[in-house]
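At position 670 of the sequence shown (counting the first as 1) the number is 683 in our numbering, and the numbers step up by one without a gap.
No residue lacks a Cβ here, since even glycine has one placed at the ideal position from N, Cα and C.
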Amino acid sequence: MPAATSFANFGYFATALIATAAVAVAAGIQFLLVGWRRGGDRTSQAFAVLCLCVATLAFGRAGVYSAQTLPHAMLALRVLAGAVLLALPALMFFVAGYTNRPMPRRLAVAVLLLTLGMSVLNLFEPGTVMYASVQAAAPLQLPWGETLYAIDGTRSASGRVFYWLCYAAFAWTFYRALRQCAAHDQRLRGAMLLACLLVQFLALLWSTVVIDAMGRPYPATDAFAFLSFVLLMGLWLVGQMRTHTAQLERTAAQLRAEAATRHQAEQSLRHAAWHDALTGLPNRLHALDRLCGLLDDAERSGLHGSVLLVDLDHFKTINESLGHRFGDLLLQAVAERLSDAVPDAIAVARLGGDEFLVLLCPTSADAATAARRGTAMAAHVLAHLAKPLVVERRPQAIGASIGVASFPDAGVGAADIVRRADIALHRAKAAGRHAARLFEPQMQAEADVRLELERGLRLALQRDELTLHFQPQVDAAGRLAGAEALLRWRNPAQGMLLPGGFIHIAEETGLIHALGLWVVDAACSQLREWHRQGLAAGIHLSINVSPWQITQPQFADDLAAHVRAAGIEPAALTLELTESALLGDFDAARQTLQQLSDAGFRLSLDDFGTGYSSLASLQQLPLDELKIDRSFVLALQPGSANPLAGFIVDIGKRLGMTTVAEGVETAEQQTTLAALGCNLMQGHFIGMPMPAEEFQHWLAARHATDAVPVGAP
Ligand code: C2E
Ligand code: MG
Ligand code: MG
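As structure tokens, then:
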């Protein structure tokens, strides 16, 4: 007797069904967990329910085939039918999720209601939902000798509905699977689903139609067919996990790339914030930060260091005449040269424009040694920078001025140390440039006064604190020929200030342009007034013009328009320029002078003999007048053989210019100058610079004694 028979209907087939049920339960639990971990993923949940239904179906089948009596078999059949009923909506929900298209709501409701209704029938109908009547049939004999309990029954109307419901559900799932196959990127997934559905459907047909049609008793295999679904979903899950992993890896790579880009951006932003774009050197912010650190170090260690503030001489002129591109390249070359010159500097920074800062490490035992070291280093830097640089294959010499300040000094911060170096730098520039100066405490007080003057000068224009004094000019016979307008500042704190005390500040701060315009306006309105009073017929008024004013391209046109608008003919004014006006761009200066001359202004070269103008260049300029500097007048000794003033008078005569001697303080000087052939004279002996009213009285008195030459004893 085979073993299956001795174990009362429970043999390999039933065991295989139980094993299938176990696999389905395991898959169901797994997908329940997957669904839960994915935050309620419907597809996984529907599949889990489907698994549990199939597990129940397999149990039911195993129950039927291993039953001893009909009631046992009926109970198992009822369980089986109930499992199939519940499996239908689960299958449909699963396929809907798998194919990424939700089930239409009405269909879902209809299927649920139908299965619910049929489940109720299944519970209460005697032959379950499938049969009208059921009886035990001849046991099924399997080829290996196993015997299965079998039942036979008459199919009820609900049984037919039950099967048609199954077919309809499958038809719908086939439709969905085919649609998925049609979608280009879902083809494989669709094909796999289709294959599983087909296996399952064939198993259903086998269990319902084929076995009946063949009239031969074969066991149903629908539960086994479901294993293909478990396989499908296992593969699907693996695929999903792979996609998910790949996605995670992609995201991680993206995040890494993003972090790297952000890091790079941060680095370059940081670099840009701390470095000068042109030279790549640390910028002002960076330099001050480093200096702060050095001050702390120095205070802790008790050692002293110094800073060098380097400013290029006449860089503006080079920049303007050779172009900004050349200027940029020159700055880059200077930056390199500077870094080479002080290799052991803590930092070489560009503060802006043509200003560089060198930070020297605090290594000296006291401030005096640090100052000496700083000054020696400054001399070294000057010598190093003096060697011509080659920019765009063009050798270019560039000078520099340097201010040196030592540190630390109790309570003095980084910005103040740089300010001290700046004060010393101004001194170096004032000393004729290409020089270095060390900051000394008294410089601070002077700088404060200067700053006060600078502030005051800005306000002086608005507060009407400026005024003109007039100094007469007479000819050799003592006849009045003109007057020079000399600027004065009624400073509220310091009293009347002479131009020597503030003109250079106006020039350095750019205020000179507004100041120059004010002088022209004031001179014109004074001339108008004298004309109105009939006092100054034929008088020339001389106005001093700063070299900075003539560097403005529109200066000549603007001045002519301004003077004419004030009701004065340009010919009534003489513009006095010093030789320094010709030192920069000579051609541009000559062009401006030509325009001024063409506009009708007389032009005079002031303080002649003290500058560096060559006689050749003098010839090229449209000058009307040479002013002999006071020093030559002072040097006039009675009976001296070859006075320099005489040479200047000769030059003036040869070039067809009027010569004016300034600073005439004695009768002898006046007589000698007249004898030398000097055309006009100006000086304390003839008349002091006077306020307008006083000058008016002087004029009126001169009119009254018209016959008496001015300056005659
Ligand atoms: P400058 O144009 O050479 O003016 C002559 C200076 O010599 C004046 O000094 C005048 O007061 C002074 N002076 C005249 N006669 C004698 C004398 O017999 N003995 C002595 N010791 N000095 C005499 P001031 O007024 O102080 O002007 C100085 C310089 O300031 C002027 O030199 C001129 O270069 C400049 N300046 C004056 N006013 C203006 C102005 O409105 N604009 C500009 N840009 N510069 C001006
Ligand atoms: Mg003058
Ligand atoms: Mg002069």
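Can you say whether residue i is buried or exposed, counting buried as having 16 or more other CB atoms within 10 angstroms of its CB?
i	result
residue 496	buried
residue 638	buried
residue 46	exposed
residue 162	buried
residue 312	exposed
residue 509	exposed
residue 284	exposed
residue 505	exposed
residue 318	buried
residue 157	exposed
residue 608	buried
residue 683	buried
residue 117	exposed
residue 502	buried
residue 539	buried
residue 135	buried
residue 137	exposed
residue 591	buried
residue 472	exposed
residue 197	exposed
residue 7	A question about residue 7 goes unanswered here, because the residues of the chain that appear run from 14 up to 726.
residue 721	The pLDDT assigned to residue 721 is 41, lower than 50, so where the model puts this residue is not dependable, and the model offers no usable value.
residue 62	buried
residue 653	exposed
Spatial neighbours of residue i within its chain, please: C-beta separation below 8 Å, excluding the five flanking residues on both sides.
i	result
residue 65	37, 38, 41
residue 35	68
residue 166	140, 143, 144, 145, 146, 147, 148
residue 405	339, 342
residue 434	320, 321, 322, 370, 416, 417, 418, 452
residue 131	98, 142, 171, 174, 175, 178
residue 698	677, 678, 679, 680, 682, 683, 724
Indicate the three-state DSSP secondary structure (helix, strand or coil) for residue i in the structure shown.
i	result
residue 504	strand
residue 55	helix
residue 526	helix
residue 269	helix
residue 541	helix
residue 720	Reliability of the predicted coordinates at residue 720 is poor, the pLDDT of 40 falling under 50, and no value is obtained from them.
residue 140	coil
residue 591	strand
residue 515	coil
residue 162	strand
residue 488	strand
residue 419	strand
residue 430	helix
residue 453	coil
residue 14	Only weak support is given to the placement of residue 14: the predicted model assigns it a pLDDT of 33, under 50, and the question is left unresolved by the model.
residue 447	coil
residue 482	strand
residue 653	coil
residue 20	For residue 20, the predicted model reports a pLDDT of 39, less than 50, meaning its position is unreliable; a value from the coordinates is still stated below. If DSSP states are grouped into helix, strand and coil, residue 20 belongs with coil.
From the beta carbon of residue i, is the nearest beta carbon of chain D less than 8 Å away?
i	result
residue 430	In summary, chain D is missing from the structure at hand, where a single protein chain is found.
Enumerate in chain order the residues of its own chain whose CB-to-CB distance from residue i is below 6 Å, with the five nearest sequence positions on each side excluded.
i	result
residue 383	317, 318, 319, 377, 419
residue 99	66
residue 216	234, 235, 238
residue 15	Below a pLDDT of 50, predicted positions are generally treated as unreliable, and residue 15, at 36, falls in that range; no measurement from the model is reported.
residue 488	494, 693
Just to confirm my understanding: we take residue i, look at its own chain, exclude 5 residues before and 5 after, and list those with CB closer than 7 Å. What are they?
i	result
residue 612	569, 573, 583
residue 610	616, 635
residue 74	30, 93, 233, 236
residue 469	504
residue 522	467
residue 332	340
residue 668	631, 632
Sequence ranges, beta strand (DSSP E) only - wholly within the region 608-639, length at least 3: If only complete runs of 3 or more residues are kept, the region 608-639 shows the beta strand (DSSP E) at 615-621, in order along the chain.
3 or more residues per run - each beta strand (DSSP E) lying fully within the region 668-700: Taking 3 residues as the shortest admissible run, the region 668-700 contains the following complete beta strand (DSSP E) segments, listed from N- to C-terminal end: 671-675, 693-695.
Quiz: which residues have CB nearer than 6 Å to ligand 2 non-hydrogen atoms: Residues close to ligand 2 by the beta carbon criterion (under 6 Å to any non-hydrogen atom) are, from first to last along the chain, 497, 557, 589, 619.
Segments assigned alpha helix (DSSP H), at least 4 residues, entirely inside the region 220-267: Every alpha helix (DSSP H) of 4 residues or more that sits fully in the region 220-267 is shown, in chain order, as 224-227.
Whole alpha helix (DSSP H) elements within the region 56-125, 4-residue minimum: 83-111, all fully within the region 56-125.
Entirely enclosed alpha helix (DSSP H) segments - the region 155-221, minimum 4 residues: DSSP runs (the alpha helix (DSSP H)) wholly in the region 155-221: 170-195, 200-218.
Whole runs of the alpha helix (DSSP H) within the region 380-410, excluding any shorter than 4 residues: Here the runs fully enclosed are 380-399.
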